[in-house]
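Under the numbering used here, the sequence shown has 53 at position 53, and the numbering climbs by one with no breaks.
Each remark here refers to the structure printed beneath this line.
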Amino acid sequence: MDPVPPSETRTRREREFRRRAFPGASAADWADWRWQLRNRVRTAEGLACALELSLRERMALTKPGAWRMPMGITPYFLSLLAGESPDHPLRRTVIPDLREARVGRGELHDPLGEVAHQVAPRLVCSYPHKALLLATADCACFCRYCTRARTTGKIIDYRTDPYLGQALAWLRKTPEIRDVLVSGGDPLTLGDPQLERLLQSLRAIPHIELIRIGTKVPAVLPQRVTPALARMLKKSRPLWMSLHFTHPAELTPRAAAACGRLLDAGIPLMNQTVLLRGINDDLGTMLRLNEGLLKIGVKPYYLHQGDLAAGTAHLRSSVAKGREILRGMCGQTTGYAIPLFMFDRPGGGGKVPLGPVFHGVEKSFPRCGKRGLIFPHNGKTFPDFSTQWKE
């Protein structure tokens with residue numbers, strides 16, 4: 001008998017989870033992104049009804065003051081966690097942990113200094129020609145390593161929000177700004193009309209040449225990428241989209257279909273991954289993630305060293321580990337799958353590249369008095385031609 005295809009297995013698990021954890025939900029409800037948002041699990045009681053929780057998870061969920069930010073998980077994303085152990089990488093990204101209450105050395109509640117670089121309400125300028133527009137504070141799921149935990153989860157009614165108008169007014173009178181990143185929260189949690197008005201307002205500013213959207217929706221709420229949304233975004237081109245896939249387990253058939261719909265609308269897709277301890281900070285996981293992204297048409301662009309956000313030390317991996325992973329990827333996969341390793345300076349000031357290191361490691365050979373380069377993926381040694389590269 002032929003094995004069941006992975007897509008069928010995933011669909012079956014999703015259907016079984018829906019019937020058990022959300023018995024009143026129809027297949028049409030499950031496919032409706034608005035239903036998914038309305039039915040996000042936000043409480044310990046709700047999570048216990050959907051998943052079997054460990055003692056440690058129960059303690060974190062019930063201890064007062066243990067959460068650094070609200071909890072919110074879509075039913076769809078919960079279906080990816082069902083039946084998995086408490087140590088499963090995806091569970092650790094969205095379920096609160098007791099260690100969140102500890103503020104480690106050097107950690108900050110505003111690690112990127114966005115308040116200090118705010119030029120108008122919800123508008124941050126850390127670069128001479130680029131601006132960050134925080135369109136909303138809501139997300140489909142709340143990641144426990146979020147750098148904006150100080151604001152994430154606040155309810156903002158876009159239709160009555162005066163601050164967005166002030167941000168747009170500042171952009172109109174500042175011709176130096178050519179590039180705007182629309183982020184949040186997650187802009188794709190806005191309804192189509194609100195998002196379309198925002199994009200049209202930005203597109204109407206003559207000196208804004210590049211509009212980007214940062215979103216995790218394809219990974220945690222792929223139902224949001226409807227044909228109507230794709231058509232609307234297509235009208236706003238040129239438009240780039242930065243996605244946030246963290247682990248290969250997020251690369252489901254629904255996620256692939258959402259990305260395909262965006263690609264069909266002519267929107268280039270890039271991925272930004274945060275390096276997370278015990279979640280994706282090993283070579284095998286990163287290879288599966290990035291090669292899987294390429295298969296669905298997404299370019300792995302950035303691997304971020306975790307920001308010094310308060311309460312995230314237990315999730316933050318090391319720079320050395322990130323460099324080790326990138327060195328291991330060289331020669332084992334296509335260059336398209338190797339992201340840039342980046343670090344955001346604490347307090348603002350922009351990104352600093354940390355890798356990848358494509359060249360070999362320099363080594364001396366005392367017996368022959370020469371130097372060479374050892375390439376980590378195969379251990380072969382090549383002569384050092386650096387003297388010939390000098391002018």
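By construction, the Cβ of each residue, glycine as well, lies at the ideal position given by its N, Cα and C atoms.
Just list the residues that DSSP pairs residue i with in beta bridges.
i              : result
aspartate 179  : Lys130 and Leu210
lysine 351     : Asp344
leucine 41     : It is worth fixing the name first, because residue 41 is valine in this sequence and not leucine. Ile73, per the DSSP bridge assignment.
alanine 464    : Because the chain is modelled from 1 through 391, residue 464 falls outside the range shown and cannot be assessed.
asparagine 271 : Leu243 and Pro300
glutamine 118  : Val124
threonine 215  : Leu243
leucine 108    : Ala309
leucine 276    : Arg316
In or out: residue i buried (at least 16 other Cβ within 10 Å) or exposed?
i             : result
glutamate 8   : exposed
glutamate 209 : exposed
leucine 55    : exposed
glycine 335   : exposed
cysteine 49   : exposed
glycine 350   : exposed
lysine 154    : exposed
alanine 204   : exposed
arginine 144  : buried
arginine 91   : buried
arginine 15   : exposed
proline 218   : buried
valine 115    : exposed
arginine 34   : exposed
arginine 20   : exposed
serine 318    : exposed
histidine 244 : buried
alanine 27    : exposed
glycine 311   : buried
glycine 24    : exposed
alanine 169   : exposed
serine 79     : buried
In its own chain, which residues sit with a C-beta less than 6 angstroms from the C-beta of residue i, not counting the 5 before and 5 after it?
i                : result
tryptophan 30    : Arg18
phenylalanine 77 : Cys141 and Val220
cysteine 368     : Low per-residue confidence applies at cysteine 368: pLDDT is 49, beneath 50, and the placement is therefore not dependable enough to give any value.
lysine 321       : Asp281
arginine 13      : none
arginine 237     : Gly266
asparagine 290   : Pro300 and Ala337
Looking only at its chain, what residues have a beta carbon closer than 8 angstroms to the beta carbon of residue i, apart from the 5 residues adjacent to it on each side?
i            : result
leucine 239  : Leu199, Ile211, Arg212, Ile213, Leu233 and Ile267
alanine 309  : Glu107, Leu108, His109, Pro111, Tyr145, Cys146, Thr147 and Ala149
aspartate 32 : Gln223
leucine 98   : Arg56, Met59, Ala60, Lys63 and Ala66
leucine 287  : Met329, Gln332, Thr333 and Ala337
valine 298   : Leu243, Phe245, Cys259, Leu269, Met270 and Asn271
Apart from the five residues on each side of it in sequence, which residues of its chain come closer than 7 angstroms, Cβ to Cβ, to residue i?
i             : result
alanine 256   : Ile296
arginine 10   : Thr252 and Pro253
arginine 345  : Val352
histidine 117 : Val124, Cys125, Ser126 and Gly348
proline 96    : Ala60, Leu61, Ala66, Trp67, Met71 and Arg144
methionine 69 : Phe142, Cys146, Ala149, Thr152 and Gly153
glycine 292   : Pro248 and Leu251
glutamate 176 : Pro128 and His129
aspartate 307 : Pro111, Leu112, Thr147 and Asp344
Kindly indicate which residue of the options has the alpha-carbon position closest to the one of residue i.
i             : options                           : result
glycine 113   : Arg38, Gly348, Ser26 and Val225   : Gly348
leucine 326   : Asp97, Leu354 and Ala28           : Leu354
aspartate 282 : Leu303, Ala228 and His129         : Leu303
arginine 105  : Pro193, Gly165, Arg316 and Thr174 : Arg316
proline 242   : Tyr301, Thr174 and Leu229         : Checking the sequence shown, residue 242 turns out to be serine, not proline. The candidate whose alpha carbon is nearest that of serine 242 is Tyr301.
glycine 165   : Pro175, Leu202, Pro187 and Ala137 : Leu202
leucine 37    : Lys299, Asp186, Val180 and Phe341 : Asp186
serine 183    : His314, Ala135 and Gly284         : Ala135
glutamate 196 : Ala313, Met342 and Ala230         : Ala230
threonine 151 : Ala28, Ala137 and Pro162          : Ala137
aspartate 87  : Gly278, Asp264 and Ser318         : Gly278
lysine 216    : Ala337, Val94, Ala228 and Met286  : Val94
leucine 51    : Gly83, Pro89, Lys235 and Leu132   : Gly83
threonine 246 : Lys299, Pro162 and Thr273         : Thr273
isoleucine 73 : Gly46, Val41, Leu133 and Glu45    : Val41
glutamine 171 : Phe343, Asp192, Cys139 and Pro128 : The amino acid occupying residue 171 in the given sequence is leucine; glutamine does not appear at that position. Of Phe343, Asp192, Cys139 and Pro128, the residue nearest in Cα terms is Pro128.
proline 121   : Arg102, Pro162, Pro206 and Lys235 : Pro162
proline 339   : Val119, Pro23 and Leu294          : Leu294
proline 392   : Glu100, Arg261 and Leu133         : No answer is possible for residue 392: the residues shown for the chain start at 1 and end at 391.
glutamate 324 : Asp307, Val298 and Gly284         : Gly284
leucine 263   : Val225, Leu275 and Leu276         : Val225
glutamate 100 : Ala313, Lys173, Pro206 and Met342 : Ala313
arginine 178  : Leu132, Ser79 and Pro23           : Leu132
histidine 207 : Thr174, Ala44 and Leu275          : Thr174
valine 119    : Leu190, Leu276, Cys139 and Ala167 : Ala167
Item to complete: Scan the stretch 286-332 and note each continuous beta strand (DSSP E) run of 3 residues or more that stays entirely inside, going in chain order.
Response: Residue ranges of uninterrupted beta strand (DSSP E) with 3 or more members, entirely inside the stretch 286-332 and ordered along the chain, are 299-304.
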